[in-house]
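Numbering (this note's numbering), first residue to last: 843 to 1188.
The beta-carbon is built from N, C-alpha and C at its ideal position, and this holds for glycine as well.
Report on the structure given below.
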Ligand code: SAH
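Now the structure itself:
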């Protein structure tokens, strides 16, 4: 199948030319997709012959399966139904500096982190570049909120879907489309060292977030199976290489879990490891996930203070959309199962 939604304007131009259409039709097509059309009939300035070709190539758009709006802060959680019936979630967050959308990179996740709901059913499949892009386009279209920032922090591990994520970045950054600058995009990884090294080579100005959650191998391996393949030393070495190559400060995510990774010893270990590096630590009080024995820490402020005393910048992440379970790690597998219309996604 020709996946038109995942094509760059240049590729669409080649596709149009192949059909005997003038070159400028490619860019037009890309612009229509960027506006979130759901049917070829909306592409009013394209000739019927081309519209028929587009329809024949199998053009589809995600449908809003479910939408929850936070009463507290206007955060919106979308559950999208994709063409094959699978579902993924995106979250629109409103900040003073602009609107940000948190998008999913895979249907499910293979990484198995102990505290995360998205991984509970394993990975179903990767999302295509078009499906990544559509989360941005349709969140903006449905909400009417102009999107200026993107975080790849939803369901899935972006570096485990490397090619499609790179293609998505090209598409979303394209001047003929959303034209969102790399500095307005963050990518979060659980720490796939090979992917981090590969990303460093791309020379992109995006922000890399690394989900650390513990600075010692014993604790980290317990929480994140990926640590057995890429222990803390290897991961932090890759982060250093990334910084050397790109000059971009890395942001470390640290979800504070009661009694597991939030003791003064853990803060000391973290400070020891990050001392002398250009880093920023994002402390997230753990969001509780149904059926999980892990609980949010009660030592967030003390942990932050300990890091700051050692000269490490640490901020505590605001919890947007907590009334609709839209926070990190709460995008649930339950919501991805087909045929459960109307069931609570959180
Ligand atoms: N796979 C990527 C991106 C998705 S998770 C990654 O691991 O970074 C986005 C962030 O939410 C990660 O930092 C992840 O560790 C964190 N997270 C997952 N479950 C959480 C929970 N229950 N509470 C707080 N943060 C959580």
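Just curious, the beta strand (DSSP E) that residue 1055 is in, first and last residue?
Run containing residue 1055: none; DSSP gives neither H nor E here.
Return yes when the C-beta of residue 1055 is under 8 Å from any heavy atom of ligand 3, and no when it is not.
Here the bound small molecules are ligand 1; ligand 3 is not part of this structure.
Can you tell me whether residue 1034 is helix, strand or coil according to DSSP?
coil
Can you find the residues in the same chain that come closer than 6 Å, C-beta to C-beta, to residue 1192, ignoring five residues on each side of it along the sequence?
One cannot answer for residue 1192 here, as it falls past the ends of the chain, which runs 843 to 1188.
Assuming residue 945 contacts residue 992 (C-beta within less than 8 Å), just tell me the rounded distance between them.
6 Å
Roughly how far, in whole angstroms, is the beta-carbon of residue 1048 from the beta-carbon of residue 1030, given that I think they are within contact range, below 8 Å?
Contact between residue 1048 and residue 1030 does not hold, since their C-beta atoms are separated by about 11 Å, which reaches or exceeds 8 Å.
Bounding residues of the beta strand (DSSP E) (the contiguous stretch that carries residue 974):
For residue 974, there is no enclosing beta strand (DSSP E); the residue is part of the alpha helix (DSSP H) that begins and ends at 971-985.
From residue 949 to residue 924, what distance separates their C-alpha atoms?
10 Å
Using the C-alpha atoms, what's the distance from residue 1093 back to residue 1120?
Answer to the nearest angstrom: the Cα atoms are 9 Å apart.
In terms of residue numbering, what span does the beta strand (DSSP E) encompassing residue 949 cover?
948-950
What is the residue span of the alpha helix (DSSP H) that residue 1069 lies within?
1068-1071
Could you tell me whether the region 1052-1069 touches the region 1004-1016, where touching means 3 or more Cβ pairs closer than 8 Å?
no
Alpha carbons only, please: which of 1137, 1125, 1138, 1162 is nearest the one belonging to residue 1147?
1125
Using the Cβ count rule (16 or more neighbours within 10 Å means buried), how would you classify residue 937?
exposed
Do the CB positions of residue 1069 and residue 1077 come within less than 9 Å of each other?
yes
Which complete alpha helix (DSSP H) runs does the region 1113-1161 hold, if anything under 4 residues is left out?
The DSSP assignment places complete alpha helix (DSSP H) segments of no fewer than 4 residues inside the region 1113-1161 at 1142-1151, in order along the chain.
So, is residue 1129 buried or exposed, given that buried needs 16 or more other C-beta atoms within 10 angstroms?
buried
So which of 1025, 1106, 895 has the shortest CA-CA distance to residue 860?
895
Quick one: grab the DSSP three-state call for residue 910.
strand
Residue of 1098, 852, 1152, 1140 minimising C-alpha distance to residue 1117
1152
To the nearest angstrom, report how far apart residue 889 and residue 872 are at their CA atoms.
15 Å
Per DSSP, the bridge partner or partners of residue 930:
922
Sequence-distant residues of its chain with Cβ nearer than 7 Å to residue 1037 (five each side left out):
1001, 1004, 1031
Which of helix, strand or coil DSSP assigns to residue 936
The three-state reading of DSSP puts residue 936 in strand, counting E and B together.
So residue 1212 packs on residue 955, CB below 8 Å; how close in whole Å?
Within the shown structure, residues of the chain are numbered from 843 to 1188, placing residue 1212 beyond reach of any answer.
Give the secondary structure of residue 858 by DSSP, where H, G and I count as helix, E and B as strand, and everything else as coil.
DSSP places residue 858 in helix when its eight states are reduced to three.
Can you give me the C-alpha to C-alpha distance between residue 852 and residue 846, rounded to a whole angstrom?
In this structure, the CA atom of residue 852 is about 12 Å from the CA atom of residue 846.
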